[in-house]
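Asker: Residues 0 to 467 (numbering that gives the first Met the number 0) make up the first sequence, in order.
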Amino acid sequence: MRFYNTFSKSKEEFIPQNPPTVSFYTCGPTVYDYFHIGNARSFIMADVLRRYLEYKGFKVKFVMNLTDVDDRIIKKSIDEKKPSHVVSDFYANAFFEDINLLKIKPATVFPKATQHVSEMIEMIRELEERGVAYNVDGNVFYDVSKFTDYGKLSGKNIEELSAGARVEVNDNKKNPLDFALWKKAKEGEPSWDSPWGKGRPGWHIECSAMSSKHLGETIDIHAGGNDLIFPHHENEIAQSEAAHNHKFVKYWIHFGFLNINEEKMSKSLGNFLTAREILKKYSAEAIRLFFLQTYYGGPLNFSFNLLAAAEKGVEKIKNLAEKIESEIKKDDNIGLVPDFNIKYYYDEFEKVMDDDLNTPQACAVIFDFIRSANKIISETESLHVSFFIDLKKFLTETAENVFGIIHFEELYKKSAQLDGKLINLIIDLRTKLKKEKNFLLADSIRDELNKIGIELKDGKDSTTYKFK
RNA sequence: GGCGCUGUACCCAAGUGGCUUAAGGGGAAGGUCUGCAAAACCUUUAUUCGUCGGUUCGAAUCCGACCGGCGCCUCCA
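(1) Taking the beta carbon of residue 178 as the centre, do at least 16 other beta carbons fall within 10 Å, making it buried, or is it exposed?
(2) Go through the stretch 2-59 residue by residue and report every complete run of the alpha helix (DSSP H) that reaches 4 residues or more, in order.
(3) What does a CB cutoff of less than 8 Å around residue 85 pick up in its chain, not counting 5 residues either side in sequence?
(4) Would you grab the beta carbon distance between residue 135 and residue 146 for me? Rounded to a whole angstrom, and I think it's under 8 Å.
(5) Would residue 311 and residue 369 be called neighbours here (beta carbons separated by less than 9 Å)?
(6) How long is the line joining the alpha carbons of residue 225 and residue 26, rounded to whole angstroms?
(7) Look at the alpha carbon of residue 348 and the alpha carbon of residue 362, and state the distance between them as a whole number of angstroms.
(8) What are the start and end residues of each continuous beta strand (DSSP E) run of 3 or more residues lying completely inside the stretch 281-329, in chain order?
(9) Which residue wins for smallest C-alpha separation from residue 374, given the options 403, 319, 201 and 227?
(10) Hey, residue 133 and residue 173: beta-carbon distance below 9 Å or not?
(11) For the beta strand (DSSP E) that contains residue 548, what are its first and last residues?
(12) Contact defined as beta carbons within less than 8 Å: I believe residue 274 pairs with residue 126. What is the distance between those atoms, to the nearest angstrom?
(13) From residue 81 to residue 188, what does the alpha carbon distance come to, in whole angstroms?
(14) Residues in the same chain with beta-carbon distance under 7 Å from residue 219, minus the five sequence neighbours each way, listed in chain order, please.
(15) Given this structure, state the Cα-to-Cα distance separating residue 253 from residue 5, to the nearest angstrom.
(16) I'd like the span of the beta strand (DSSP E) that includes residue 457, first residue to last.
(17) Relative to the C-alpha of residue 356, which residue among 51, 30, 200 and 424 is closest?
(18) Taking the C-alpha atoms as reference points, what is the distance between residue 351 and residue 8?
(19) Can the beta-carbon of residue 299 be found less than 9 Å from the beta-carbon of residue 255?
(20) What's the C-alpha gap between residue 419 and residue 441?
(21) Where do the N-terminal and C-terminal ends of the alpha helix (DSSP H) with residue 116 fall, by residue?
(22) Taking only the alpha-carbon atoms, compute the straight-line gap between residue 203 and residue 30 and give it to the nearest angstrom.
(23) Considering only residues of the same chain and omitting the five flanking positions on each side of residue 465, which have a CB-CB separation below 6 Å?
(24) Of the residues 37, 43, 55 and 44, which one's Cα is nearest the Cα of residue 0?
(25) Out of curiosity, what's the CA-to-CA distance linking residue 116 and residue 200?
(26) In chain order, which continuous runs of the alpha helix (DSSP H) of length 4 or greater are located wholly inside the stretch 390-451?
(27) Could you give the distance in angstroms between the alpha-carbon of residue 380 and the alpha-carbon of residue 358?
(28) May I have the straight-line CA-CA distance separating residue 71 from residue 35, to the nearest angstrom?
(29) What is the C-beta distance between residue 53 and residue 59, in whole angstroms, given that I count them as a contact (C-beta under 8 Å)?
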């Protein structure tokens, strides 16, 4: 298995430090608003990567943080005249609801920044002791000039960045590129006691502190959106490696952006659609398939037409899944066991997924599988139940467990709901027959339903039923 | 300006030296099945991979130049 590592800018064989365990950290949401469909891409692709590692037999410790103290949360709390934690709790809950709807597997741990302030303070103290952090009147900054490798992830160097002049001017900083580890409290902001006085942590320090607490000082995989490469991940490296003195992350994996009208979808541009909104019109499966049909690292343009096309693809999978379920119920033990090389599809699926998570190709394998299966079904009179069990197994292990683009359990739920509707439909038709005094056919319907376990009871002006 | 990604059919999108005279999904056209419809299956839909040169027995795939799109360099998945 190999992945494109942003750090080396090349595909690298994946060898975790302590197999079969894999430590995997991914940057989660800042909970100041509902997350948008572009954020959803990162969350879903991280989810699929995690699921695939599990498919391969790894034991994945998957950590996704929630940033619940931040300028934007504070701004919103002021605008809405609510305490900061009320805002962050509200959107944290919304986040959990939305990832659940998107069928994203919950992380092993969802650490929150506000619950790790003491760890962050401890880490900042270490950085101070090592002479890479400095305190200016209660604000603590990281001194990037003290970290010789600064810029190694993003391929930038300090001179060029300084020349860029887009960096915020702050008289307190020695160097414009230095970033805040600890921010002095302002009136009305959430704050914590610290060796530097009351204040709150800077943004970057939380990921360094929480990842080392939950996953150790060197982690196998760290993932996130492309825009986090600089400065966020660069700063995480600077903090963690200066504090711990060894490598922070083995494999850096970054997800491409979702564009809308060929332009990046982002909160700051205001051109975003929330995942929540889109889920009202399209299934989670369609959204997931839409993302999976393109390589995770590249850009992807969003449109409802493309989502509708993905929804059709999902229908295709579902149609076969429903066929499989009904055939398994029939439990045919005498039919033909066709010559179907199912192992080929497993091998292909793994082969392409092992090569930097080629999900588009893997989708092609699944659709090839579906076409072959359908072909056999359409050409064969009666098929042995074992064939359908094999089909279900493959789809469950790949399309369901790794991709989350089909959910067999939900087919059952749907059919349970349908049962009631169907019986009522039959009762309505039978009522018409009774009115037409076609009692022969009406009685025959009652008898036949009785035989399959449904008892009809004709009341004065309505008919009820129960399962025997 | 620096760094990174990217240009493949009507749309989306894999493939990065011979297995591919280019996967898969959607769309369109025709057919099989069918009382009708749906589903499913079959056939067709890129002699061609932004443009122009070069390397090679062989290139979408490597090299060079040019043209275009996007992102990061400031909070952002």
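Backbone N, C-alpha and C fix where the C-beta goes; we use that ideal spot for every residue, glycine too.
Answerer: From the atom records:
(1) The residue given as residue 178 occupies position 179 in the first sequence. Residue 178 is buried by the Cβ-count criterion.
(2) 36-54
(3) Position 86 of the first sequence, counted from the start, is the residue given in the question as residue 85. For residue 85, where only same-chain residues beyond five positions count, the Cβ hits under 8 Å are 76.
(4) Here residue 135 refers to the residue found at position 136 when the first sequence is read from its first residue. Here residue 146 refers to the residue found at position 147 when the first sequence is read from its first residue. Rounded, the Cβ-Cβ distance is 18 Å, inconsistent with contact.
(5) Position 312 of the first sequence holds residue 311. Position 370 of the first sequence holds residue 369. The answer is no: Cβ separation not under 9 Å.
(6) By one-based count along the first sequence, residue 225 stands at place 226. By one-based count along the first sequence, residue 26 stands at place 27. Going by the C-alpha atoms only, they are around 11 Å apart.
(7) Mapped onto the first sequence, residue 348 falls at position 349. Mapped onto the first sequence, residue 362 falls at position 363. Each residue's Cα considered, the two are about 8 Å apart.
(8) 299-301
(9) Taking the first residue of the first sequence as 1, we reach residue 374 at position 375. Out of 403, 319, 201 and 227, 319 has the C-alpha closest to the C-alpha of residue 374.
(10) Looking up residue 133 in the first sequence gives position 134. Looking up residue 173 in the first sequence gives position 174. Yes.
(11) With the chain running from 0 to 467 in the structure shown, residue 548 is simply not present.
(12) As a working note, residue 274 is residue 275 in the first sequence. As a working note, residue 126 is residue 127 in the first sequence. The pair is not a contact, with the Cβ atoms about 36 Å apart (cut-off 8 Å).
(13) If you number the first sequence from 1, residue 81 lands on position 82. If you number the first sequence from 1, residue 188 lands on position 189. Cα to Cα, the separation comes out at about 12 Å.
(14) For the purposes of this step, residue 219 is taken as residue 220 along the first sequence, with counting starting at 1. Contacts found: 15, 16, 21, 22, 23, 249 and 250.
(15) Translated into positions along the first sequence, residue 253 becomes position 254. Translated into positions along the first sequence, residue 5 becomes position 6. Spanning the two alpha carbons is a distance of roughly 7 Å.
(16) Within the first sequence, residue 457 is the residue found at index 458, counting from 1. Residues 453-457.
(17) Translated into positions along the first sequence, residue 356 becomes position 357. Out of 51, 30, 200 and 424, 51 has the C-alpha closest to the C-alpha of residue 356.
(18) As a first step, residue 351 must be located in the first sequence, where it is residue number 352. As a first step, residue 8 must be located in the first sequence, where it is residue number 9. If I take the Cα positions, the gap works out to 20 Å.
(19) As a position in the first sequence, residue 299 is number 300, starting the count at 1. As a position in the first sequence, residue 255 is number 256, starting the count at 1. Cβ distance < 9 Å, so residue 299 and residue 255 count as in contact.
(20) Your numbering for residue 419 matches position 420 in the first sequence. Your numbering for residue 441 matches position 442 in the first sequence. Rounded to the nearest angstrom, the two C-alpha atoms are 19 Å apart.
(21) Position 117 of the first sequence, counted from the first residue, corresponds to residue 116. It spans 116-128 - the alpha helix (DSSP H) in which residue 116 sits, taken as one unbroken run.
(22) Along the first sequence, read from residue 1 onward, the residue named residue 203 stands at position 204. Along the first sequence, read from residue 1 onward, the residue named residue 30 stands at position 31. Each residue's Cα considered, the two are about 15 Å apart.
(23) The residue labelled residue 465 in the question sits at position 466 within the first sequence. The residues are 454.
(24) Indexing the first sequence from 1 puts residue 0 at position 1. Of 37, 43, 55 and 44, the residue nearest in Cα terms is 55.
(25) Mapped onto the first sequence, residue 116 falls at position 117. Mapped onto the first sequence, residue 200 falls at position 201. Rounded to whole angstroms, residue 116 to residue 200 spans 7 Å at the Cα level.
(26) 407-434 and 438-450
(27) By 1-based counting over the first sequence, the position of residue 380 is 381. By 1-based counting over the first sequence, the position of residue 358 is 359. Answer to the nearest angstrom: the Cα atoms are 34 Å apart.
(28) Walking along the first sequence from the start, residue 71 turns up at place 72. Walking along the first sequence from the start, residue 35 turns up at place 36. Rounded to whole angstroms, residue 71 to residue 35 spans 16 Å at the Cα level.
(29) Within the first sequence, numbered from 1, the residue matching residue 53 stands at position 54. Within the first sequence, numbered from 1, the residue matching residue 59 stands at position 60. About 6 Å separates the two Cβ atoms, so the contact holds.
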